[in-house]
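Enquirer: Provided herewith is a single structure, encoded as structure tokens, for subsequent inquiry.
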Amino acid sequence: MRVVKQLLAVAAVAFVGGQALAAVEGNAALTLVVGVLTAVVAVLVYGWVVRRTERRAVTELARAGAGARIARGVLVGFGMFAAVIVNIALVADYDVDGLGSVAGALALVGFMAAASVTEELMFRGVLFRIVEERTGTWIALVLTGAVFGLMHLFNADANVWGAICIAVEAGFMLAACYAATRNLWVPIGLHFGWNFAAGGIFSVVVSGNGRSEGLLDTTMSGPTLITGGEFGPEGSLYTLAAGGLLTLAFMWLAHRRGRIVPRRRSAMDAQPATVTVS
């Protein structure tokens, strides 16, 4: 029951924030303010509902060191996407035609802040964390990553291949990041850094949601498996490989730190086998 209460609480903030962002669309300053406010309220609501339903301190959102953890995640996410763009540019056609829109980039800061925070709270903070308690880390990673990928099928230019890529390169990777760090700040930063680099800096399509107006005025063309086509670079084989490698790196780190949760054995599994002698 707690999973339902926690999901509904954060989803309500995400819904209201999404409606507010839609209402101020076109106004960069208001989009920035509303997006950041949505992110802050979502964190507060998550902390409140978890304390209320689990009667514990919300250590995964501890304030101590939060800024440094977010910054570390942003750097990883930005670096990963920048590497993907460089690789795409070497094989396909990615051109920078000049400066894009500063106002558009500012608006995307707010939009991406709201999206990264609410999605991480719901998918890693609630779903992955609670499913992991019963199934163990590996099964929870696969299950929640698959759900995260399926969610992106509702985007405007989504396709099955893009959803599969998102499941692996984002769903698996962000769950592994949480497993390795046992806090939500790093995956939130990683998620934001990744999304803002895509839309706010390199001005490419983000998860099939249409081309973004970021700091650079860019064009991209080439084979779909390299560029991701209408879904954007998140449907590229380069992105899939990068996300897969980071997933393995985070899981190795989680194992090294002793943070892999084993699958809970059922009462039937726990019973010793008996041998009947006739």
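In the working numbering, the protein residues as written are 1184 to 1461.
We put the CB at the ideal spot given by N, CA and C, even for glycine.
Nothing here was measured: the structure is a model prediction, and the numbers come from that model.
(1) Which residue's Cα is closest to the Cα of residue 1330: 1320, 1355 and 1317?
(2) Which same chain residues, not among the five before or five after residue 1256, have their C-beta less than 8 Å away from its C-beta?
(3) Could you pull out every unbroken alpha helix (DSSP H) segment of at least 4 residues lying fully inside the segment 1307 to 1340, listed in chain order?
(4) Beta carbon of residue 1264, beta carbon of residue 1381: below 7 Å?
(5) Where does residue 1416 land, buried or exposed, given buried means 16+ other C-beta within 10 angstroms?
(6) What span of residues does the alpha helix (DSSP H) with residue 1241 cover, start to end?
(7) With 16 other CB atoms within 10 Å as the buried threshold, where does residue 1338 fall?
(8) What are the boundary residues of the beta strand (DSSP E) that residue 1282 is part of?
(9) What is the C-beta distance between residue 1185 and residue 1236, in whole angstroms, given that I count them as a contact (C-beta under 8 Å)?
(10) Closest by CA to residue 1308, which one among 1216, 1365, 1209 and 1393?
(11) Provide the residue(s) that pair with residue 1395 in DSSP beta bridges, ordered along the chain.
(12) When you compare only the Cα positions, how much space is there between residue 1442 and residue 1435?
(13) To test your reading of the DSSP string, which unbroken beta strand (DSSP E) runs of 3 or more residues are found completely within the segment 1187 to 1257?
(14) Taking all protein chains shown into account, do 16 or more other C-beta atoms lie within 10 angstroms of the C-beta of residue 1200, making it buried, or fewer, making it exposed?
(15) With residue 1384 as the anchor, note down where its alpha helix (DSSP H) starts and where it stops.
(16) Let's see if you can read the secondary structure: which residues bound the alpha helix (DSSP H) around residue 1303?
(17) Are there 16 or more other CB atoms within 10 angstroms of the CB of residue 1196, so buried, or fewer, so exposed?
(18) Just how far apart, CA to CA, sit residue 1285 and residue 1227?
(19) Quick one: any contact between the segment 1397 to 1411 and the segment 1268 to 1276, if contact means 3 or more CB pairs under 8 Å?
(20) I'd like to confirm the pairing. Which residues does DSSP put opposite residue 1402 in its beta bridges?
(21) Helix, strand or coil: how does DSSP classify residue 1434 here?
(22) Report the residue from 1385, 1432, 1402 and 1427 whose alpha carbon sits nearest the alpha carbon of residue 1261.
(23) With DSSP collapsed to three states, give me the class of residue 1270.
(24) Of all the options 1294, 1429 and 1396, which has the alpha carbon lying nearest to the alpha carbon of residue 1207?
(25) Any idea if residue 1242 is buried or exposed, counting beta-carbon neighbours within 10 angstroms, 16 or more meaning buried?
(26) So, at 6 Å on beta carbons, what are the nonlocal neighbours of residue 1253 in its own chain, with the 5 sequence-adjacent residues on each side left out?
(27) With a threshold of 6 Å on Cβ separation, who are the neighbours of residue 1231 within its own chain once the five nearest residues in sequence on each side are excluded?
(28) Whose C-beta lies closer than 7 Å to the C-beta of residue 1233 among residues of the same chain, with five residues either side of it excluded?
Expert: By the coordinates alone:
(1) Taking the sequence shown and counting its residues from 1, one reaches residue 1330 at position 147. The option with the nearest alpha carbon to residue 1330 is 1355.
(2) As a working mapping, residue 1256 is identified with position 73 in the sequence shown. Answer for residue 1256: 1360, 1368, 1369, 1370, 1371, 1372, 1373, 1374, 1375 and 1376, listed in chain order.
(3) 1312 to 1318 and 1320 to 1334
(4) Translated into positions along the sequence shown, residue 1264 becomes position 81. Translated into positions along the sequence shown, residue 1381 becomes position 198. Cβ distance < 7 Å, so residue 1264 and residue 1381 count as in contact.
(5) The residue given as residue 1416 occupies position 233 in the sequence shown. Label assigned to residue 1416: buried.
(6) Position 58 of the sequence shown, counting from 1, holds the residue named residue 1241. That residue, residue 1241, is in no alpha helix (DSSP H); it is neither H nor E in DSSP.
(7) Here residue 1338 refers to the residue found at position 155 of the sequence shown. Its Cβ being crowded by 16 or more others within 10 Å, residue 1338 is buried.
(8) One-based indexing of the sequence shown puts residue 1282 at position 99. 1276 to 1282 is the span of the beta strand (DSSP E), which, as asked, contains residue 1282.
(9) As a first step, residue 1185 is located in the sequence shown; it is residue number 2 there, counting from the start. As a first step, residue 1236 is located in the sequence shown; it is residue number 53 there, counting from the start. Indeed they touch by this definition, with Cβ atoms about 4 Å apart.
(10) Indexing the sequence shown from 1 puts residue 1308 at position 125. If we check each option's Cα against that of residue 1308, 1365 comes out closest.
(11) As a first step, residue 1395 must be located in the sequence shown, where it is residue number 212. Answer is none; residue 1395 lacks a bridge partner.
(12) The residue you call residue 1442 lines up with position 259 of the sequence shown. The residue you call residue 1435 lines up with position 252 of the sequence shown. The alpha-carbon atoms of residue 1442 and residue 1435 are separated by roughly 10 Å.
(13) none
(14) The sequence position of residue 1200 within the sequence shown is 17, counting from 1. So residue 1200 ends up on the buried side.
(15) Stepping through the sequence shown from its first residue, residue 1384 is reached at position 201. Note, residue 1384: premise wrong, no alpha helix (DSSP H); not H, not E.
(16) The residue given as residue 1303 occupies position 120 in the sequence shown. Residues 1285 to 1303.
(17) Here residue 1196 is taken as the residue at index 13 of the sequence shown, counted from 1. Residue 1196 should be labelled buried.
(18) Along the sequence shown, one-based indexing puts residue 1285 at 102. Along the sequence shown, one-based indexing puts residue 1227 at 44. Residue 1285 and residue 1227: Cα-Cα distance of roughly 30 Å.
(19) yes
(20) Numbered from its first residue, the sequence shown carries residue 1402 at position 219. Its beta-bridge partners are 1278.
(21) Within the sequence shown, residue 1434 is the residue found at index 251, counting from 1. DSSP places residue 1434 in helix when its eight states are reduced to three.
(22) Position 78 of the sequence shown, counted from the start, is the residue given in the question as residue 1261. Per the Cα distances, 1385.
(23) What you label residue 1270 is simply residue 87 of the sequence shown in a count that begins at 1. Of the three classes helix, strand and coil, the one that applies to residue 1270 here is helix, per DSSP.
(24) Here residue 1207 is taken as the residue at index 24 of the sequence shown, counted from 1. Answer by Cα proximity: 1294.
(25) Reading the sequence shown from its first residue, position 59 is the one you call residue 1242. That one is exposed.
(26) Stepping through the sequence shown from its first residue, residue 1253 is reached at position 70. Result list for residue 1253: 1368 and 1372, in chain order.
(27) Within the sequence shown, numbered from 1, the residue matching residue 1231 stands at position 48. Counting only Cβ-Cβ distances below 6 Å, and skipping sequence neighbours, we find nothing.
(28) Translated into the one-based positions of the sequence shown, residue 1233 becomes position 50. The answer, listed in chain order, is 1189 and 1241.
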